[in-house]
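Inspection log for the structure reproduced underneath, given as structure tokens.
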Amino acid sequence: MESITQFLEPLFGNFVNLDIKQVIMWVIGGILIYLAVKKDMEPTLLLPMGFGAILVNLPLSGVITRGDEVGVIDLLFDSGIANELFPLLLFVGIGAMIDFGPLLTNPKLMLFGAAAQFGIFFTLSMAALFGFDLKDAASIAIIGAADGPTSIYVANYFESNYLGAIIVAAYSYMALVPIVQPPVIKLLTTKKERLIRMPYEQKEVSKTTRILFPIIVTMITGIFAPKAVALIGFLMFGNLIRECGVLNSLSDTAQNVLANLITLLLGITIAARMQADAFLNPQTLLILALGLVAFIFDTAGGVLFAKFLNLFLKKKINPMIGASGISAFPMSARVVHKMGLAEDKQNFLLMHSIGVNVSGQIASVIAGGLILNLIAR
Amino acid sequence: MGINVDLFLQTLPIMAKGLVGIFIVTGIIILCIYILNKATSRPKKDKKKDDAGK
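These protein sequences, in sequence, are chains A and B. 175 is the number that my numbering gives to position 175 of the first sequence; each next residue is one higher, with no gaps. 410 is the number that my numbering gives to position 33 of the second sequence; each next residue is one higher, with no gaps.
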């Protein structure tokens with residue numbers, strides 16, 4: 001009998017290290033994988049994160065550093081996220097994907113991008129009110145940037161203990177934009193406002209403007225918020241590669257190979273901060289709730305700003321386009337376009353909402369940079 | 378963790394500075410885009426010539 005026990009002990013011994021919290025994390029990982037596969041919710045991030053959550057929560061998991069034994073997930077975290085490398089490289093790819101044409105055609109749309117960052121600053125105050133320290137509050141608030149790489153960058157900069165929860169919230173709510181935004185928009189606008197038509201005037205944008213735009217944005221943002229230089233600089237570097245016209249092959253690589261490769265590693269690496277002990281606590285639920293607050297107040301900020309401008313404008317703006325000022329691209333622009341069509345089948349708001357949406361991408365990075373500047377590490 | 382009114386009050390100036398800051402930076406970028414568009418747009422005469430050529 002003893003010999004059988006000795007034979008089986010190395011095989012089954014690890015079962016005694018299994019903790020109910022780890023099983024709960026498997027379920028959470030499973031839910032993330034389910035949402036990614038069945039509901040198509042940000043599958044590029046949620047699926048690797050879900051699988052990663054299972055990986056790191058196996059008892060005595062070998063992917064986590066234990067003593068002198070370096071685990072691969074921790075190694076990836078230290079070499080890709082702790083030094084902010086992955087989000088920045090991903091920004092090169094995102095920058096190469098963005099066409100700022102609709103924004104350059106109608107630059108005042110950028111104001112809505114700025115207004116729709118209200119949720120970030122509002123959530124900062126709310127998180128502080130609910131007892132998070134200033135650095136964690138700032139990290140949580142940046143969920144409202146609706147921009148994964150910026151959230152990772154800022155939360156990591158402040159060495160937040162809640163990185164896993166913050167990233168899960170950021171990507172989940174980005175995927176839930178079509179569910180979160182419409183009720184807020186409807187609540188804040190009248191039917192008459194939603195029916196406002198905005199004819200789109202096609203204007204030519206010179207190649208010189210397209211090339212100089214990323215350089216100028218980087219310089220201006222860098223001067224006002226020096227700590228945002230890396231974020232805005234890498235985003236605009238990608239865009240410069242796209243627009244210069246002589247680096248098509250690099251642009252193509254940045255948009256596809258680089259972005260895919262980094263995304264592939266990013267999701268599974270974030271799981272390093274999804275270990276049961278760090279993730280399963282009441283603060284995680286509070287962070288998920290605050291993330292929702294951030295998205296709601298971002299949307300409200302954009303819509304209410306448009307309504308405010310309408311008080312002074314002869315040519316009225318459809319206030320729904322203000323909601324596209326969050327960075328979730330292109331979901332937010334599509335939501336507004338669809339809502340416009342639902343009210344009036346001839347009301348095409350897409351080009352305006354796309355312009356506001358790409359503005360939101362720049363504005364969220366600026367907001368992230370300002371947070372880094374305003375709050376000491 | 379509990380309600381922390383003091384810290385909440387500390388964040389209000391940060392909120393104000395952040396919002397003002399983002400509108401200032403955005404305003405300057407908008408101004409630059411207008412200037413860029415003006416400086417690099419082709420004169421109307423050229424456009425008319427192009428259209429006539431078509």
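Even glycine gets a Cβ: it sits at the ideal position worked out from N, Cα and C.
Taking all protein chains shown into account, do 16 or more other C-beta atoms lie within 10 angstroms of the C-beta of residue i, making it buried, or fewer, making it exposed?
{"i": "residue 324/A", "result": "buried"}
{"i": "residue 249/A", "result": "exposed"}
{"i": "residue 378/B", "result": "exposed"}
{"i": "residue 245/A", "result": "exposed"}
{"i": "residue 346/A", "result": "exposed"}
{"i": "residue 42/A", "result": "buried"}
{"i": "residue 264/A", "result": "exposed"}
{"i": "residue 289/A", "result": "exposed"}
{"i": "residue 40/A", "result": "exposed"}
{"i": "residue 15/A", "result": "exposed"}
{"i": "residue 83/A", "result": "exposed"}
{"i": "residue 19/A", "result": "exposed"}
{"i": "residue 208/A", "result": "exposed"}
{"i": "residue 62/A", "result": "exposed"}
{"i": "residue 342/B", "result": "Not covered by the structure: residue 342/B. The range shown for chain B is 378 to 431."}
{"i": "residue 6/A", "result": "exposed"}
{"i": "residue 285/A", "result": "exposed"}
{"i": "residue 226/A", "result": "exposed"}
{"i": "residue 173/A", "result": "buried"}
{"i": "residue 185/A", "result": "buried"}
{"i": "residue 393/B", "result": "exposed"}
{"i": "residue 112/A", "result": "buried"}
My understanding is that residue i touches residue j, with C-beta atoms under 8 Å, so please give their C-beta distance in whole angstroms.
{"i": "residue 157/A", "j": "residue 377/A", "result": "7 Å"}
{"i": "residue 55/A", "j": "residue 254/A", "result": "The pair is not a contact, with the Cβ atoms about 29 Å apart (cut-off 8 Å)."}
{"i": "residue 87/A", "j": "residue 152/A", "result": "5 Å"}
{"i": "residue 221/A", "j": "residue 98/A", "result": "No, residue 221/A and residue 98/A are not in contact; Cβ-Cβ is about 15 Å, not under 8 Å."}
{"i": "residue 276/A", "j": "residue 57/A", "result": "5 Å"}
{"i": "residue 233/A", "j": "residue 96/A", "result": "Not really, about 14 Å apart at Cβ, beyond 8 Å."}
{"i": "residue 331/A", "j": "residue 180/A", "result": "Not really, about 10 Å apart at Cβ, beyond 8 Å."}
{"i": "residue 4/A", "j": "residue 169/A", "result": "So it is not a contact: roughly 48 Å between Cβ atoms."}
{"i": "residue 223/A", "j": "residue 391/B", "result": "Their Cβ separation, rounded to whole angstroms, is 20 Å, which puts residue 223/A and residue 391/B out of contact at 8 Å."}
{"i": "residue 280/A", "j": "residue 21/A", "result": "5 Å"}
{"i": "residue 368/A", "j": "residue 231/A", "result": "6 Å"}
Could you pull out every residue in the same chain whose Cβ sits closer than 6 Å to the Cβ of residue i, ignoring the five residues on either side in sequence?
{"i": "residue 210/A", "result": "243"}
{"i": "residue 116/A", "result": "298, 301, 302, 325, 326, 360"}
{"i": "residue 306/A", "result": "317, 319, 322"}
{"i": "residue 44/A", "result": "263"}
{"i": "residue 351/A", "result": "102, 200"}
{"i": "residue 258/A", "result": "93"}
{"i": "residue 187/A", "result": "none"}
{"i": "residue 144/A", "result": "119, 120, 123, 294, 298"}
{"i": "residue 135/A", "result": "158"}
{"i": "residue 25/A", "result": "53, 57, 276"}
{"i": "residue 155/A", "result": "139, 163, 166"}
{"i": "residue 33/A", "result": "47, 50"}
{"i": "residue 278/A", "result": "none"}
{"i": "residue 175/A", "result": "41, 42"}
Report all residues from its chain with a CB closer than 7 Å to the CB of residue i; omit the five preceding and five following residues, and keep chain order.
{"i": "residue 203/A", "result": "105"}
{"i": "residue 418/B", "result": "none"}
{"i": "residue 90/A", "result": "149, 259, 262, 263, 266"}
{"i": "residue 387/A", "result": "Because chain A here runs from 1 to 377, residue 387/A falls outside it and cannot be looked at."}
{"i": "residue 241/A", "result": "96, 247, 250, 251, 254"}
{"i": "residue 77/A", "result": "269, 272"}
Is it the case that the Cβ atoms of residue i and residue j are separated by a distance below 8 Å?
{"i": "residue 381/B", "j": "residue 131/A", "result": "yes"}
{"i": "residue 141/A", "j": "residue 121/A", "result": "yes"}
{"i": "residue 404/B", "j": "residue 370/A", "result": "no"}
{"i": "residue 167/A", "j": "residue 160/A", "result": "no"}
{"i": "residue 81/A", "j": "residue 71/A", "result": "no"}
{"i": "residue 236/A", "j": "residue 406/B", "result": "no"}
{"i": "residue 127/A", "j": "residue 137/A", "result": "yes"}
{"i": "residue 310/A", "j": "residue 329/A", "result": "no"}
{"i": "residue 183/A", "j": "residue 335/A", "result": "no"}
{"i": "residue 364/A", "j": "residue 333/A", "result": "no"}
{"i": "residue 385/B", "j": "residue 125/A", "result": "yes"}
{"i": "residue 362/A", "j": "residue 217/A", "result": "yes"}
Starting from the C-beta of residue i, find all residues in its chain whose C-beta is less than 8 Å away, skip the five residues before and the five after it, and write them out in chain order.
{"i": "residue 101/A", "result": "205, 210"}
{"i": "residue 343/A", "result": "191, 194, 195"}
{"i": "residue 189/A", "result": "303, 307, 319, 320"}
{"i": "residue 66/A", "result": "60"}
{"i": "residue 348/A", "result": "200, 337, 340, 341"}
{"i": "residue 402/A", "result": "The shown model of chain A, from 1 to 377, leaves out residue 402/A, and the question about it has no answer."}
Query - Against chain B: residues of the region 206 to 217 of chain A by CB proximity under 9 Å - result: 206, 207, 208, 209, 212, 213, 216, 217
Report task. Below 9 Å between beta carbons is the criterion; list the residues of the region 117 to 131 of chain A that meet it against any residue of chain B, in chain order. Result -> 117, 118, 120, 121, 122, 124, 125, 126, 127, 128, 129, 130, 131
Query - Residues, ordered as in the chain, of the region 88 to 109 of chain A that lie near chain B by beta-carbon distance below 7 Å - result: 104, 107, 108
Query raised in the report: If contact means a Cβ-Cβ distance below 7 Å, which residues of the region 23 to 46 of chain A contact chain B?
Result: none
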